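Student: Got a structure for you, questions after.
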Amino acid sequence: MSADAPLTQDGVDAPFAELATEALVAAVVEYDDEPDECTIYPLHADEEERLTTWVSAKSDTYVDLEAMR
């Protein structure tokens with residue numbers, strides 16, 4: 001296990017850790033009449049990059065990590 005690699009919750013090296021080069025930001029927008037939405041994008045992305053370098057998910061589509069094991 002590399003001391004520099006990010007770890008998963010169980011202490012195992014995170015997959016593709018060597019590819020991680022940038023911090024990410026998560027922004028959550030809360031809605032009254034639909035599921036909340038979380039958008040993740042690079043911390044240092046400029047306005048133009050944010051248009052193409054992001055991922056969003058609505059709260060009703062999240063899956064518990066334990067359910068995936």
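Note that full-length UniProt numbering numbers the sequence shown so that position 53 is 53, with each residue one more than the last.
Even glycine gets a Cβ: it sits at the ideal position worked out from N, Cα and C.
Owing to the predicted nature of the structure, the values given are computational and were not obtained by experimental measurement.
(1) Name the DSSP beta bridge partners of Tyr41, please?
(2) Going by beta carbon distance, what residues of the same chain come within less than 6 Å of Thr39, once the five residues before and after it are set aside?
(3) Just the Cα atoms here: how many angstroms apart are Asp33 and Ala45?
(4) In chain order, what residues of the same chain have a beta carbon less than 7 Å from the beta carbon of residue 138, not counting five sequence neighbours either side?
(5) Pick from Glu47, Asp36, Glu30: whose alpha carbon is nearest that of Tyr62?
Tutor: So, from the listed chains and residues:
(1) One-based indexing of the sequence shown puts residue 41 at position 41. The partner list for Tyr41 (beta bridge, DSSP) reads Val25.
(2) By one-based count along the sequence shown, residue 39 stands at place 39. Sequence-distant partners of Thr39 (beyond 5 residues in either direction) whose C-beta falls short of 6 Å from its own C-beta, in its chain, are Ala27, Trp54, Ser56.
(3) Taking the sequence shown and counting its residues from 1, the one referred to as residue 33 is at position 33. Taking the sequence shown and counting its residues from 1, the one referred to as residue 45 is at position 45. Approximately 30 Å, taken between the alpha carbons.
(4) Because the chain in this structure spans residues 1 to 69, residue 138 falls outside the shown range and cannot be described.
(5) Translated into positions along the sequence shown, residue 62 becomes position 62. It is Asp36.
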